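Single-structure report; data block below.
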Amino acid sequence: MIAPPPSGPVPYARDFARQLLTDMLRIRRMEEKSAELYGAGKIRGFLHLYIGEEAVAVGALHALQAEDNLVTTYREHAHALVRGMPMDVIMAEMYGKREGCSLGRGGSMHLFDKRTRLFGGNAIVAGGLPVAAGLALADKMQKTDRITACFFGDGAVAEGAFHETMNLAALWQLPVLFCCENNRYAMGTALERSESQTDLCAKAASYKMPTIKTDGMDVVAVHEATREAQAQVRSGAGPLFIEYQTYRFRAHSMFDAELYRSKAEVEEWKTRGPIHTFSARLKQEGKLSEEEFLALDAEVNAEVAAAVTFAEAGTWEPLEHMLADVYTPAGGQL
Amino acid sequence: MIDNTNKKRISYRDALHDGLREALQQDPRVFLLGEDVGRYGGTYAVSKNLLDEFGPERIRDTPLSELAFVGMGIGAALGGMRPIVEVMTVNFSLLALDQIINTAAIYHHMSGGQFSVPLVIRMSTGAGRQVAAQHSNSFEGWFAHIPGIKILAPATIDDARHMLAAALADPDPVLLFEHAALYNMEGELPADGSVDIKSAKVRRAGTDVALITYGGSLPKALQAAEALAQENISAEVLDLRVLRPLDTGAIVASVRKCHRAVVIDEGWRSGSLSAEVMARIMEQAFFDLDAPVARVCAEEVPIPYARHLEEAALPQPEKIITAVKALLGESA
Ligand SMILES: Cc1ncc(C[n+]2csc(CCOP(=O)(O)OP(=O)(O)O)c2C)c(N)n1
Ligand SMILES: [Mg+2]
Chain A
345 MIAPPPSGPV PYARDFARQL LTDMLRIRRM EEKSAELYGA GKIRGFLHLY IGEEAVAVGA
405 LHALQAEDNL VTTYREHAHA LVRGMPMDVI MAEMYGKREG CSLGRGGSMH LFDKRTRLFG
465 GNAIVAGGLP VAAGLALADK MQKTDRITAC FFGDGAVAEG AFHETMNLAA LWQLPVLFCC
525 ENNRYAMGTA LERSESQTDL CAKAASYKMP TIKTDGMDVV AVHEATREAQ AQVRSGAGPL
585 FIEYQTYRFR AHSMFDAELY RSKAEVEEWK TRGPIHTFSA RLKQEGKLSE EEFLALDAEV
645 NAEVAAAVTF AEAGTWEPLE HMLADVYTPA GGQL
Chain B
1103 MIDNTNKKRI SYRDALHDGL REALQQDPRV FLLGEDVGRY GGTYAVSKNL LDEFGPERIR
1163 DTPLSELAFV GMGIGAALGG MRPIVEVMTV NFSLLALDQI INTAAIYHHM SGGQFSVPLV
1223 IRMSTGAGRQ VAAQHSNSFE GWFAHIPGIK ILAPATIDDA RHMLAAALAD PDPVLLFEHA
1283 ALYNMEGELP ADGSVDIKSA KVRRAGTDVA LITYGGSLPK ALQAAEALAQ ENISAEVLDL
1343 RVLRPLDTGA IVASVRKCHR AVVIDEGWRS GSLSAEVMAR IMEQAFFDLD APVARVCAEE
1403 VPIPYARHLE EAALPQPEKI ITAVKALLGE SA
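Chains A and B, in that order, give the protein sequences.
Take any residue in the first sequence, count from 1 to its spot, add 344: that is its number in this note's numbering.
Take any residue in the second sequence, count from 1 to its spot, add 1102: that is its number in this note's numbering.
As structure tokens, then:
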């Protein structure tokens, strides 16, 4: 049996509450469209949807500050979008167009944005963790106020990179917020089929790292937990591990027949869907009417449509540029 | 007579140490992290005494976590620092391959040019010290396969002293391979100087055969050239120095001059850097050759412990001489 749907008062002013809802809807509608575009052959390669998990990115990223670092995985459209990458640019990258954030070199799994300090979607499971710890080390050595938020899935906890990084981050008291999106599956492998210890917080605790476990289907719970967590990390108390218990409603990627779980299970989890439960709470509190919801949804759909138009109108990186940027051009960066 | 007034005698190890110390002195963003770089003084004593001078913030002993601390070097570089990561030996770099190849090497390109990773990774490499197969690998040629990183192989005192500065001045990840058999080598160091990390260098000029090599095989090639000179065979010795990007122009120039070439590489021959050098000669200097290009590489076996076996498994001056003579005989 799964927990009942998230409920209870929403402790936010109307504007902020709506911001959270809007961002969740933006992710949902953008990804629904992406799936459709995948079917139409416009988006290719691997496409990992975040549908069902929207409360995590939205609640968590709204608790961070603009100058914080963000490191994430291949399932990162949501993080990029909430962090402030324009939907147009994300869509163009998924199309492989040069108007994309990475000139079409990375696609869906590899969104990078220097402006918002998004250090990329890393498609090697747990590959982002050491990099995040290194960013945090740089901040600690330079005595900045910044923290690094590092997102990864439950599958990552089985990797050596996870354990090595947890140890080092705790040993050196680095300002990293380890954000584990526990959606219960790594591709088709359920957590209990891959871990002797399924309590992920216990793993972090074994490195003497403080932990928080929270309902990743409830944007309020996510936001509150992350606010507390980021403040603690920012205060210089060292790293913190936060587990968001969530669920993906769609297949792992576009190549997944979902043989490993039942439709009933997915349906049951949908009763805890982050968007409809949150909008119901807002309606109940009089912070949102059905008309307002529909208007908001229409706005979001218009944004998605505009992003698709932008990506369609985008251009292909000329072949002559193919070898550019393998190395930094002379005199660049540093 | 060579003017020695501006030179001092120093070991390869001390040259590396001095380069490291200078880098730490000159740029507060530079720091060293790796296994036993601090208290222990470095596995090969390259970082000896640096902990006392620069403190534990900048000389960071890490746990045995190659994957994590190499990845942290990447992150710290992205975050504005200038980390120098020491991986104890190339053998253990295998545990960090993912971060080097899948992250460091791709960052600039895959981010559309947004991010660069100014990271230097130092490690020892090579065989010749009877430490058996797991401690005797030469994987620098493998790393040279990968676009997005640069590969250096200092084999002279001058390069040991100055390559690090050039590597730190480079905006991209640079891997610097120190040959374990060279740490005790001594030589003259010019009083001041700098080196580039672009070009191969002729270490001995010659006209009959080009010995193309790098790293731990350079002294062996020079020894062979010296012995060949006694027999009136003039061997040119080209030190590749930079394994990626390869200085193809210098390779071709030596081949054009000598019309014969032997490639000497401590890596195994199959699918190797030596194979790449030969392929480039084929592509660009085929009609300048008077004989097929020859190779002296490690035998295709895990490097054995017993002294006679290890010696037999590695390139040696005698093997180089034999290869040169066979070449000359063939083309005579
Ligand atoms: C090191 C590595 N091994 C295997 C894969 C293939 N792979 C891609 S996603 C994935 C599952 C990861 O699951 P999890 O970490 O829970 O993240 P989720 O996809 O559920 O968000 C696997 C095995 C990979 N990308 N990297
Ligand atoms: Mg998962």
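Glycine included, C-beta positions come from ideal geometry on N, C-alpha and C.
As the structure is a prediction and not an experimental result, all values here were calculated from the model.
Please check the pair residue i and residue j, which I expect to be a contact at CB under 8 angstroms, by giving their CB distance rounded to whole angstroms.
i	j	result
valine 563 of chain A	leucine 393 of chain A	Between leucine 393 of chain A and valine 563 of chain A the Cβ distance is about 18 angstroms, and since that is not below 8 angstroms, they are no contact.
methionine 1212 of chain B	glycine 450 of chain A	5 angstroms
proline 474 of chain A	threonine 509 of chain A	5 angstroms
isoleucine 1353 of chain B	isoleucine 1314 of chain B	6 angstroms
arginine 370 of chain A	leucine 425 of chain A	6 angstroms
serine 1174 of chain B	arginine 1131 of chain B	The question names serine, but residue 1174 of chain B is methionine in the sequence shown. Going by Cβ atoms, the distance from methionine 1174 of chain B to arginine 1131 of chain B rounds to 15 angstroms, so no, they are not a contact pair.
tyrosine 418 of chain A	alanine 467 of chain A	4 angstroms
With a threshold of 8 angstroms (Cβ to nearest heavy atom), would residue i be considered close to ligand 1?
i	result
glutamate 503 of chain A	yes
arginine 419 of chain A	yes
arginine 592 of chain A	yes
isoleucine 1200 of chain B	One detail in the question is off: residue 1200 of chain B reads as aspartate in this sequence, not isoleucine. Checking every heavy atom of ligand 1 against the Cβ of aspartate 1200 of chain B, one is found closer than 8 angstroms.
glycine 1157 of chain B	no
glutamate 587 of chain A	no
valine 469 of chain A	yes
glutamate 525 of chain A	yes
histidine 596 of chain A	yes
histidine 392 of chain A	yes
Please report how far the alpha carbon of residue i lies from the alpha carbon of residue j, in whole angstroms.
i	j	result
threonine 558 of chain A	threonine 590 of chain A	9 angstroms
glutamate 629 of chain A	histidine 620 of chain A	14 angstroms
tyrosine 604 of chain A	serine 633 of chain A	39 angstroms
isoleucine 1208 of chain B	leucine 1221 of chain B	13 angstroms
serine 1238 of chain B	phenylalanine 1389 of chain B	37 angstroms
alanine 1414 of chain B	isoleucine 1335 of chain B	24 angstroms
isoleucine 1299 of chain B	proline 350 of chain A	60 angstroms
aspartate 457 of chain A	phenylalanine 1217 of chain B	9 angstroms
isoleucine 1104 of chain B	glycine 444 of chain A	For isoleucine 1104 of chain B, the predicted structure reports a pLDDT of 48, less than 50, and the residue's modelled location is therefore unreliable. The matter cannot be settled from this model.
alanine 1434 of chain B	leucine 1391 of chain B	Residue confidence for alanine 1434 of chain B is low, a pLDDT of 46 falling below 50, so the modelled location carries little weight and cannot support an answer.
phenylalanine 495 of chain A	alanine 401 of chain A	9 angstroms
serine 1226 of chain B	arginine 1305 of chain B	22 angstroms
methionine 531 of chain A	isoleucine 1405 of chain B	40 angstroms
alanine 565 of chain A	glycine 403 of chain A	8 angstroms
valine 648 of chain A	methionine 1190 of chain B	51 angstroms
proline 1419 of chain B	serine 540 of chain A	55 angstroms
leucine 678 of chain A	valine 1219 of chain B	8 angstroms
arginine 388 of chain A	tyrosine 382 of chain A	6 angstroms
alanine 1179 of chain B	alanine 1117 of chain B	25 angstroms
alanine 1323 of chain B	valine 1339 of chain B	7 angstroms
Taking 8 angstroms as the cut-off, is the C-beta of residue i nearer than that to any heavy atom in ligand 3?
i	result
isoleucine 371 of chain A	Ligands in the displayed structure: ligand 1 and ligand 2; ligand 3 is not one of them.
Would you say residue i lies against chain B (beta-carbon separation less than 9 angstroms)?
i	result
aspartate 483 of chain A	yes
alanine 548 of chain A	no
cysteine 523 of chain A	no
arginine 449 of chain A	yes
histidine 392 of chain A	no
tyrosine 671 of chain A	yes
serine 452 of chain A	no
phenylalanine 456 of chain A	yes
leucine 515 of chain A	yes
leucine 425 of chain A	no
glycine 478 of chain A	yes
serine 579 of chain A	no
proline 474 of chain A	yes
valine 415 of chain A	yes
Are the C-beta atoms of residue i and some chain A residue less than 9 angstroms apart?
i	result
glutamine 1216 of chain B	yes
threonine 1164 of chain B	yes
glycine 1136 of chain B	no
alanine 1179 of chain B	yes
leucine 1169 of chain B	yes
glutamine 1201 of chain B	yes
With ligand 2 as the reference, list in chain order each residue whose Cβ lies under 6 angstroms from any of its heavy atoms. A/Gly497, A/Asp498, A/Gly499, A/Asn527, A/Tyr529, A/Ala530
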